[in-house]
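Using this note's numbering, the first residue of the sequence shown is number 81, and each one after it goes up by one.
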Amino acid sequence: MSHSPSIPDRPDLDLDSSMSEAERLDALRRHLARIVEVNGELEERLAETRARQDDLREEVEHLTRENETLKTSSEYVATVQERSADGVIVKQHGNNQEVLTEVGEDLAEELEPGDRVAVNDSFSVQKTLDDETDVRAQAMQIDRSPSVTYEDVGGLEEQIQDVREAVEIPLETPERFATVGIEPPAGVLLHGPPGTGKTMLAKAVANRTDATFIKMAGSELVHKFIGEGARLVRDLFQLAEDHEPSIIFIDEIDAIASKRTDSKTSGDAEVQRTMMQLLSNMDGFEERGDIRIIAATNRFDMLDEAILRPGRFDRLIEVPKPTEEAREAIFAIHTRGMNVEDGVDFAKLARETPDASGADVKAICTEAGMFAIRDERDEVTMADFLSAKEKLSHATGDDEVSKTFA
Ligand code: ATP
């Protein structure tokens with residue numbers, strides 16, 4: 081801090097009527113000299129004060145900036161685990177660190193386990209976040225009454241039978257299991273190549289049992305919600321409980337339940353946590369009542385064995401590529417609503433598409449319809465189906481897929 085000397089006094093002018101002209105002139109000169117001197121002193125003081133003012137202005141700007149930074153600094157997202165007399169236990173997303181922290185009385189009242197909150201560097205809870213339903217909605221699809229029925233699924237009679245036993249009977253007549261004295265299977269795993277009807281089967285059983293169908297894609301869980309996978313799994317089961325009876329369908333389960341790899345990246349650890357959460361939810365499953373869980377994968381070979389243990393996905397149902405007979409049935413199913421000419425021979429089409437999946441057969445039917453529309457015809461002919469088959473086998477330059485329609 082600079083010293084602040086007192087402001088010099090205004091010099092007095094001593095003029096006396098008894099003074100001679102020369103004396104008065106001399107007095108005036110001295111007075112002027114004194115004034116010039118005081119003026120010089122004052123200018124010096126002014127310059128000093130200006131410099132000090134600049135210093136202070138700079139300091140104010142610096143503090144304002146610092147204040148802004150403090151006010152806008154990032155906060156971490158955490159989930160409330162537990163409330164206790166000593167405060168709340170929060171678990172930070174990402175590193176899963178659990179901390180006991182105190183919260184102000186106003187917030188303490190409204191915090192519930194499972195709430196998402198923002199915490200600062202010292203883990204003190206700043207506010208609650210309320211967008212959890214949006215996150216859930218993005219990751220999960222809910223279909224209260226799917227329209228697919230068993231009649232829409234071609235050629236999977238055995239698999240339908242298995243799914244009915246493992247999912248439908250426990251939901252509709254659980255006492256049958258109780259009478260015999262065995263536990264119904266906890267989870268059903270459908271495995272087989274893409275486009276063979278796994279999702280359809282799960283939807284059909286939901287339709288049949290009037291259950292809400294809740295679908296979650298394993299790959300989305302892993303890619304979009306890094307740090308939140310485990311929480312979303314808990315949400316998924318909670319949502320299923322809120323909508324009982326319900327069927328949870330986890331598509332591409334291999335994304336979260338692959339065999340452990342050697343790499344120890346944080347991404348892997350996150351996937352691992354998501355899977356552990358899934359297993360723990362499944363282990364506590366029987367008390368959950370009217371919820372059944374079906375998972376699907378195209379990569380059975382990749383699955384971690386932990387997920388296949390008894391009490392988890394202990395009922396495995398293989399959904400293979402359709403046989404010739406099944407393809408014929410699938411052609412019939414997908415042309416049910418189409419205006420097809422009498423001469424169309426599904427048996428021949430099935431014979432000529434040896435490697436086609438159910439989804440491929442559907443694509444051929446749609447494309448055949450497109451040919452008829454382009455020709456401005458109302459009826460779809462055998463030639464349309466054959467052209468569609470040709471077109472789709474050429475469309476992809478991929479050998480694997482071309483082979484499908486060879
Ligand atoms: P992915 O593994 O790629 O998820 P998926 O096995 O779950 O495939 P679905 O989604 O059930 O396959 O099938 C895709 C579409 O293919 C269905 O909407 C249906 O139109 C048709 N489809 C597949 N399989 C059959 C089938 N067996 N019977 C009738 N249609 C089928």
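Idealized CB from N, CA, C, for every residue including glycine.
Check: Does the ligand ATP have even one heavy atom less than 7 Å from the beta-carbon of Pro226?
Finding: no
Next item on the list: Identify, in the order they occur along the chain, each residue of the same chain with its Cβ nearer than 6 Å to the Cβ of Ile373, setting aside the five sequence neighbours on each side.
Entry: Gly267 and Ile328
Notebook entry, point to check: Can you tell me whether DSSP reads Gly120 as helix, strand or coil?
Noted result: helix
Margin query: Does the region 345-360 come into contact with the region 239-250, if we say contact requires no fewer than three beta-carbon pairs (one atom in each stretch) closer than 8 Å?
Written below: no
Next item on the list: Note down the Cα distance separating Lys295 from Glu321, rounded to an integer number of angstroms.
Entry: 14 Å
Checklist line | the region 418-432 in contact with the region 388-400 per 3-pair CB rule at 8 Å | finding: no
Notebook entry, point to check: Cα separation between Ser467 and Asn378?
Noted result: 29 Å
Next item on the list: Identify every run of the alpha helix (DSSP H) within the region 124-209, keeping only runs that are complete inside it and at least 4 residues long; order them along the chain.
Entry: 185-190
Checklist line | Proximity below 8 Å, CB of Val233 to CB of Ala284 | finding: yes
Item checked: Nearest-angstrom Cα separation, counted from Leu383 out to Ser338 -> 5 Å
Notebook entry, point to check: Sorted by chain position, which residues of the same chain lie with C-beta nearer than 6 Å to Tyr230's C-beta, five sequence neighbours on each side aside?
Noted result: Ile240 and Ala284
Note to self: With DSSP as the reference, identify every bridge partner of Ser326, one or two as the case may be.
What the structure shows: Thr292 and Ile371
Notebook entry, point to check: Are the CB atoms of Val228 and Met280 nearer to each other than 8 Å?
Noted result: yes
Next item on the list: Compare the beta carbon distance of Thr354 and Leu316 with 8 Å and say whether it is the shorter of the two.
Entry: no
Check: Between the Cα of Pro88 and the Cα atoms of Leu122, His111, Asp94 and Ser100, which residue gives the shortest distance?
Finding: Leu122
Note to self: Given 7 Å as the limit, tell me if Asp381 has its C-beta closer than that to any heavy atom belonging to the ligand ATP.
What the structure shows: no
Next item on the list: Output yes or no for whether 8 Å exceeds the beta carbon distance between Lys506 and Glu432.
Entry: Only positions 81 to 486 of the chain appear in this structure, which leaves residue 506 out of reach.
Notebook entry, point to check: Under 8 Å, do Thr276 and Ser437 count as touching if we go by C-beta distance?
Noted result: yes
Margin query: Any heavy atom of the ligand ATP closer than 7 Å to the beta-carbon of Ser338?
Written below: no
Item checked: Sheet register partners of Gln221 (DSSP bridge) -> Lys295
Check: Val441 lies in the alpha helix (DSSP H); which residues open and close that run?
Finding: Gly438 to Arg454
Notebook entry, point to check: If you drop the 5 nearest sequence neighbours on each side, which residues of the same chain put their C-beta closer than 8 Å to that of Ala501?
Noted result: What is shown of the chain runs 81 to 486, which leaves residue 501 out entirely.
Checklist line | Alpha-carbon to alpha-carbon, Leu143 and Met81 | finding: For Met81, the predicted model reports a pLDDT of 47, less than 50, meaning its position is unreliable; a value from the coordinates is still stated below. Looking at the two C-alpha atoms, the distance is approximately 18 Å.
Notebook entry, point to check: Relative to the ligand ATP, is the shortest distance from any of its heavy atoms to the C-beta of Pro402 smaller than 7 Å?
Noted result: yes
Next item on the list: With DSSP as the reference, label Pro88 as helix, strand or coil.
Entry: coil
Check: What is the DSSP secondary structure of Val420, reduced to helix, strand or coil?
Finding: strand
Item checked: Those runs of the beta strand (DSSP E) which lie wholly inside the region 372-398 and span at least 3 residues -> 395-398
Check: Are at least three pairs of beta-carbons, each pair with one atom in the region 158-170 and one in the region 188-200, less than 8 Å apart?
Finding: yes
Checklist line | Cα-Cα separation between Thr226 and Ala286, rounded to whole angstroms | finding: What sits at residue 226 in the sequence shown is Pro, not Thr. Looking at the two C-alpha atoms, the distance is approximately 7 Å.
Margin query: Along the chain, where does the alpha helix (DSSP H) containing Leu251 start, and where does it finish?
Written below: Ile249 to Glu252
Margin query: Pairs of beta-carbons, one from the region 147-166 and one from the region 110-130, closer than 8 Å: are there three or more?
Written below: no
Notebook entry, point to check: What does a CB cutoff of less than 7 Å around Asn419 pick up in its chain, not counting 5 residues either side in sequence?
Noted result: Asp458, Glu459 and Val460
Checklist line | Beta bridge counterpart(s) of Val243 as assigned by DSSP | finding: In DSSP, Val243 forms no bridge with anything.
Check: Can you give the Cα-Cα distance for Ala463 and Asp381, rounded to whole angstroms?
Finding: 40 Å
Check: In angstroms, rounded to a whole number, what distance separates the CA positions of Ala335 and Leu358?
Finding: 13 Å
Check: Any chance the CB of Asp242 is under 7 Å from a heavy atom of the ligand ATP?
Finding: no
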